[in-house]
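For the sequence shown, position 11 matches number 141 in the working numbering, and the numbering has no gaps at all. Right, one structure below, let's go through it.
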Amino acid sequence: MNVSTAHFKATVIFEKRVNPSGEDSFFFYSSAPMAKSKNFLTPIIVIFLLVGFPAISYYYLSTGFDYRKEAILTQGDFGKMPDLLALTQVRGKLPSKLRGSMVVVGWLNPNNVSAAGKYGNMLDSLYNQFEDSPNLHFTTVVPASNGKAAADQFATTHNLPDTEMLSFLEADATTYASTAEAFQLPLGEDSPGQRPIVALVDSSQTIVKHYDLGNRQEAIGLVELISVIIPLPERQDILLNRKKEL
């Protein structure tokens with residue numbers, strides 16, 4: 131193959147090539163500008179690696195630290211979690227040893243349709259977001275008059291699976307009220323189950339906060355605090371969209 135070459139301005143190369151069919155082919159290309167581009171980009175990349183990347187990393191680390199600090203500071207101390215294992219378990223299973231785990235405790239009054247509906251919808255959302263999280267349990271106290279049937283109907287209505295993560299405990303009228311008092315629920319003049327209020331218990335079995343799940347902002351606050359203490363290793367996308375989920 132015959133090749134003739136001419137150079138223009140030392141950077142542009144013009145080639146005339148004769149292909150096997152006997153026809154001429156022409157090519158234009160440049161080599162010098164590429165070298166200049168590489169020389170130009172190299173210091174920019176070095177500066178980014180030395181300054182930009184550490185700065186971005188520091189920003190995200192400090193933002194994460196502030197977020198964790200703010201969430202943790204919202205916790206209080208309402209005493210130790212009362213022993214719920216004395217109550218009859220009618221659905222799911224509350225572990226005998228809860229130390230090291232977080233527990234969200236709620237009270238269900240099936241006769242209060244509005245509160246039960248809000249509680250069920252939020253419990254379904256919470257479970258779907260945290261079902262893969264270790265050491266987290268949701269337990270609900272139900273009146274003994276129809277405990278088993280009420281728990282099963284509630285679970286069916288709100289698509290709650292029969293799993294150890296979701297447990298239902300039966301209590302007579304006196305115990306139903308006394309457990310709410312022991313958890314220091316901020317009920318005011320209301321009785322347990324009239325509002326979808328839950329108590330959050332941390333890994334030391336200390337009652338640290340109460341949330342009204344009928345209030346969207348409080349529900350989001352519960353999700354945020356749980357996600358800070360018990361991260362989601364495989365479902366971080368849910369954390370990023372937790373406000374949309376609720």
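Cβ coordinates follow ideal geometry from the N, Cα and C atoms, glycine included.
{"query": "Would you call the CB atoms of residue 214 and residue 224 closer than 8 Å?", "result": "yes"}
{"query": "Taking just the CA atoms, how far does residue 235 sit from residue 249?", "result": "11 Å"}
{"query": "Report the three-state DSSP secondary structure of residue 232 (helix, strand or coil).", "result": "strand"}
{"query": "Quick one: any contact between the region 278-295 and the region 249-268, if contact means 3 or more CB pairs under 8 Å?", "result": "yes"}
{"query": "Are residue 207 and residue 309 closer than 8 Å when you measure CB to CB?", "result": "no"}
{"query": "Considering only the alpha carbon of each residue, which of 264, 241 and 243 lies closest to residue 333?", "result": "264"}
{"query": "Please report how far the alpha carbon of residue 331 lies from the alpha carbon of residue 319, in whole angstroms.", "result": "24 Å"}
{"query": "Measure the C-alpha to C-alpha separation of residue 240 and residue 246 and round it to an integer number of angstroms.", "result": "6 Å"}
{"query": "Check each candidate in 295, 325, 315 and 326 and name the one with the smallest Cα separation from residue 338.", "result": "315"}
{"query": "On the DSSP letters alone, give me the boundaries of the beta strand (DSSP E) that residue 218 sits inside.", "result": "218-221"}
{"query": "Specify the secondary structure class of residue 260 as computed by DSSP and reduced to three states.", "result": "helix"}
{"query": "Who are the near neighbours of residue 360 in its chain, counting only those whose CB is closer than 8 Å to its CB and skipping five residues on each side?", "result": "232, 260, 263, 264, 265 and 266"}
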